[in-house]
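Novice: I am attaching a structure below and will ask some questions about it afterwards.
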Amino acid sequence: MLISAVILASWVLSASGAHYHNHRHHRLEDVALTEGIDIRAQRNKRAAADTPDDSSPMAPGGDASDLPTCLLCVCLTGSVYCEEVDPDMTSVPALPKETNYLYARYNKIKKITAKDFGDIVTLKRIDFTGNIISEIEDGAFAKLTMLEELSLGENQLVKLPMLPTKLISFNANHNKLKTKGVKANAFKKLNKLIHLYLAHNELEAVPLIPETVRTLHLQNNNISSVTVDTFCKSNDTYYIRPNMNEIRMDGNPVILSQYPNSFICLQSLPIGRYQ
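See the structure below:
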């Protein structure tokens, strides 16, 4: 009878732990599939090899920074997945060398420092969506010369740092950005930028946009006017902007019909208020 009780208790604890583990990582599996990675299969392989699970003792009052990254997150070859980490992740985790992709979404990271990425120059994609980041130190991304995609959406940023020049996609939707917090040349040197998302902020003007940009989202800001030089060139009436095919300016106070000469170089009119 005693042996049966022990076996039953072990089975209950094992099932409970598996339910927690699956609940914690089911959203990570969705993200990983976009990279062609089957996290479930990798996890099963680790279990078959008697690899320890993600549980680890922690001192009272400790947080995620007290534990090795790969005990808190799913670490695969070149990729680190940290989503809704428990205990709370309040700072950028230390990354394994040669990390290419970092997903640290929906945590409580507050700040990105110039030391956070150290010598991890291999990063190509970083996603910090849904944290509480209010400050990014200048130089935080300076060494990330291979970075192509950076998502800082759904945070509390009031200004932008210097951005890597090889970015293809930059997302800062749903922050608190004002025009004074976005330097005039913030995007000027990003000559590979294709997708720029700055919607749901507090911008009063359209920043300087590189000619490579195809998609520009500025909806739900405080933009009240545009000029001929916002998208076109006042000194070249024959100029045609070749790449821009989607501009969203809806949800701004600007009445676009009052500035007809501001869009003559575009292949299609911006989405927004015309009356």
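Quick note, the sequence shown lines up with residues -17 to -1, 1 to 258 if you use mature numbering (1 follows the signal peptide of the UniProt record, and there is no 0).
Using N, Cα and C, we set each Cβ at its ideal position, and we do this for glycine too.
From a predicted model like this one, the values you see are computed outputs, not experimental measurements.
Please name the residue, chosen from P236, T213, P76, that lies closest to S207 on a Cα-to-Cα basis.
Specialist: Position 224 of the sequence shown, counting from 1, holds the residue named residue 207. Closest option to S207, Cα to Cα, is P236.
Novice: Of the choices R231, I230, C248, K107, whose alpha-carbon is the least far from that of P211?
Specialist: Translated into positions along the sequence shown, residue 211 becomes position 228. Checking the displayed sequence, the identity of residue 211 turns out to be Val instead of Pro. That would be C248, whose Cα lies nearest to the Cα of V211.
Novice: Determine the direct distance from the alpha carbon of K159 to that of S74, and round the result to whole angstroms.
Specialist: Within the sequence shown, residue 74 is the residue found at index 91, counting from 1. Within the sequence shown, residue 159 is the residue found at index 176, counting from 1. So the two alpha carbons sit approximately 20 angstroms from each other.
Novice: Buried or exposed: where does A31 fall if 16 or more other Cβ atoms within 10 Å of its Cβ makes it buried?
Specialist: Here residue 31 refers to the residue found at position 48 when the sequence shown is read from its first residue. Its pLDDT being 40, under 50, A31 is placed unreliably by the model, and nothing is read from it.
Novice: Less than 6 angstroms between C-beta atoms, sequence neighbours within five positions excluded: which residues of the same chain meet that for N203?
Specialist: Locating residue 203 in the sequence shown gives position 220, counting from the first residue. Same-chain partners within the cutoff: A182, H183, G234.
Novice: Using only CA atoms, which one of M227, R231, N228, K216 lies nearest to N244?
Specialist: Along the sequence shown, read from residue 1 onward, the residue named residue 244 stands at position 261. Looking at the Cα atoms, K216 is the closest of the given residues.
Novice: Taking 8 angstroms as the cut-off, decide whether the C-beta atoms of A167 and L143 are in contact.
Specialist: The residue labelled residue 167 in the question sits at position 184 within the sequence shown. The residue labelled residue 143 in the question sits at position 160 within the sequence shown. Contact flag unset, no.
Novice: According to DSSP, simplified to helix, strand and coil, what is A31?
Specialist: As a working mapping, residue 31 is identified with position 48 in the sequence shown. Only weak support exists for where A31 lies, its pLDDT of 40 falling under 50; the value from the coordinates is given anyway. In the structure shown, A31 sits in a helix (DSSP, three-state: H, G or I).
Novice: So what does H178 bridge to, in DSSP terms?
Specialist: Within the sequence shown, residue 178 is the residue found at index 195, counting from 1. H178 is bridged to S152, T198.
Novice: Shortest alpha-carbon distance to M145 belongs to which of H157, E131, A123?
Specialist: Along the sequence shown, one-based indexing puts residue 145 at 162. Taking only the C-alpha atoms, the option nearest M145 is A123.
Novice: Using a threshold of 8 angstroms, state whether the C-beta atoms of Y242 and V209 are closer than that.
Specialist: As a first step, residue 242 must be located in the sequence shown, where it is residue number 259. As a first step, residue 209 must be located in the sequence shown, where it is residue number 226. With contacts defined by Cβ atoms closer than 8 angstroms, Y242 and V209 form a contacting pair.
Novice: In three-state DSSP terms, what is L59?
Specialist: Translated into the one-based positions of the sequence shown, residue 59 becomes position 76. In the three-state scheme derived from DSSP, where H, G and I count as helix and E and B as strand, L59 is classed as strand.
Novice: DSSP three-state label for D69, please.
Specialist: Start at 1 with the first residue of the sequence shown, and residue 69 comes out as number 86. Residue state, collapsed to three classes: coil.
Novice: By a C-beta neighbour count over all protein chains shown, 10 Å radius and 16 as the cutoff for buried, is H2 buried or exposed?
Specialist: Here residue 2 refers to the residue found at position 19 when the sequence shown is read from its first residue. Because the pLDDT at H2 is just 39, under 50, the model does not fix this residue reliably, and the value given afterwards should be weighed accordingly. With fewer than 16 Cβ atoms within 10 Å of its Cβ, H2 is classed as exposed.
Novice: How many angstroms separate the CA atom of G164 from the CA atom of L140?
Specialist: Numbered from 1 along the sequence shown, position 181 holds the residue referred to as residue 164. Numbered from 1 along the sequence shown, position 157 holds the residue referred to as residue 140. Between G164 and L140, the alpha-carbon positions lie close to 9 angstroms from each other.
Novice: Could you please give the first and the last residue of the uninterrupted beta strand (DSSP E) stretch that includes D212?
Specialist: For the purposes of this step, residue 212 is taken as the residue at position 229 of the sequence shown. Note, D212: premise wrong, no beta strand (DSSP E); alpha helix (DSSP H) at 211 to 214.
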